[in-house]
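Inspection log for the structure reproduced underneath, given as structure tokens.
Printed below as a string of structure tokens:
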């Protein structure tokens, strides 16, 4: 599974980018995941944007439990969806679904960190591995 | 307003304690806030625990928006509640209310970071200050 996480807005703080790097490392045995932090979403010109299944993260979206997120990943795997674009900080883009990680508004760095932590947790659940931290 | 935030469980990761320290610094102009990270809640022997208004953070609690959290703080100020104990990682303690910051399970460090960021955001809302980050 390939994930591209795009956080558009201000540059995120160091403690959040440190956290994201750590989760990226931990996730590397489950999936490929890249993280992009741009000022403007328009600057993100990458090839074949249409091939991605697009998920926007927004407080207005559907709220999921950690178990439901892991079920969703399993569904993607079963239906052959292999490229997922996660969009944080831009709610206007045309997407396949909108997911909420909290009803509270949060900074870009914090929202990105939560997404990475939850994706890691979801893979741990899928692989029946304990998650204590 | 005095806040004591007690996170009980494993030692939290460095990037989260860096984030918490930063928000503690930013919050210092609005309130007094201390952070404790203990293995066992029982080890927390501090004086006059009864004087605290106790809030447990749990995915099972009442979910609030950032604006509702700022309203809650205003209410505390109006009703003369000055000492608040925030309990993270221990859902069995007898408390005044249970608040959710997400329907997802999260690590102790991440939950603590979100609480600090949200408290900072709530004070910015109360003081009509912009919050871009």
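Residue numbers (my numbering), protein chains in the order written: chain A, 1 to 133; chain B, 134 to 266. All C-beta atoms in this analysis are idealised placements derived from N, C-alpha and C, irrespective of residue type, glycine included. From a predicted model like this one, the values you see are computed outputs, not experimental measurements.
Span of the alpha helix (DSSP H), counted from its first residue to its last, around residue i
i	result
residue 97 of chain A	Here residue 97 of chain A belongs to no alpha helix (DSSP H); instead the beta strand (DSSP E) covers 97 to 100.
residue 158 of chain B	147 to 160
residue 55 of chain A	Looking at the DSSP string, residue 55 of chain A is not in any alpha helix (DSSP H); the run it does join, the beta strand (DSSP E), is 53 to 63.
residue 258 of chain B	241 to 259
Residue i - containing beta strand (DSSP E), residue span
i	result
residue 82 of chain A	Careful: residue 82 of chain A lies outside any beta strand (DSSP E) and carries neither H nor E.
Expected contact under 8 Å - CB spacing of residue i and residue j to nearest Å
i	j	result
residue 101 of chain A	residue 237 of chain B	6 Å
residue 217 of chain B	residue 136 of chain B	5 Å
residue 120 of chain A	residue 26 of chain A	5 Å
residue 262 of chain B	residue 107 of chain A	Not quite, the Cβ-Cβ distance comes to about 14 Å (not below 8 Å), so this is no contact.
Paired residues, beta bridge with residue i - DSSP
i	result
residue 8 of chain A	A:38
residue 136 of chain B	B:166, B:217
C-beta atoms of residue i and residue j nearer than 7 Å
i	j	result
residue 99 of chain B	residue 152 of chain B	No answer is possible for residue 99 of chain B: it lies beyond the span of chain B, which begins at 134 and ends at 266.
residue 57 of chain A	residue 12 of chain A	no
residue 15 of chain A	residue 148 of chain B	yes
residue 229 of chain B	residue 187 of chain B	yes
residue 163 of chain B	residue 256 of chain B	yes
residue 125 of chain A	residue 70 of chain A	yes
residue 1 of chain A	residue 82 of chain A	yes
Chain-ordered chain E contacts of residue i [CB-CB under 8 Å]
i	result
residue 188 of chain B	Judged by its chain identifiers, the structure shown contains no chain E, and its protein chains are A and B.
Residue i Cβ short of 6 Å to the ligand GDP heavy atom set
i	result
residue 231 of chain B	In the structure on display, the ligand GDP does not appear, and there are no ligands present to speak of.
- Message: Taking beta-carbon pairs under 8 Å, can you tell me which members of the stretch 191 to 216 of chain B lie near chain A?
- Response: Cβ contacts with chain A come from 192, 196, 197, 198, 199, 202.
- Query: Quick one, which residues of the stretch 104 to 116 of chain A are near chain B if we go by CB-CB under 9 Å, in chain order?
  - Reply: 104, 105, 106, 107, 108, 109, 110, 113, 114
- When you check each C-beta in the stretch 147 to 178 of chain B against every C-beta of chain A, which residues fall closer than 8 Å? Of all residues in the stretch 147 to 178 of chain B, 147, 148, 149, 151, 152, 155 have a Cβ within less than 8 Å of some Cβ in chain A.
- Message: Any C-beta of chain A within less than 7 Å: which residues of the stretch 222 to 234 of chain B qualify?
- Response: For the stretch 222 to 234 of chain B, which is checked against every Cβ of chain A, the residues closer than 7 Å are 234.
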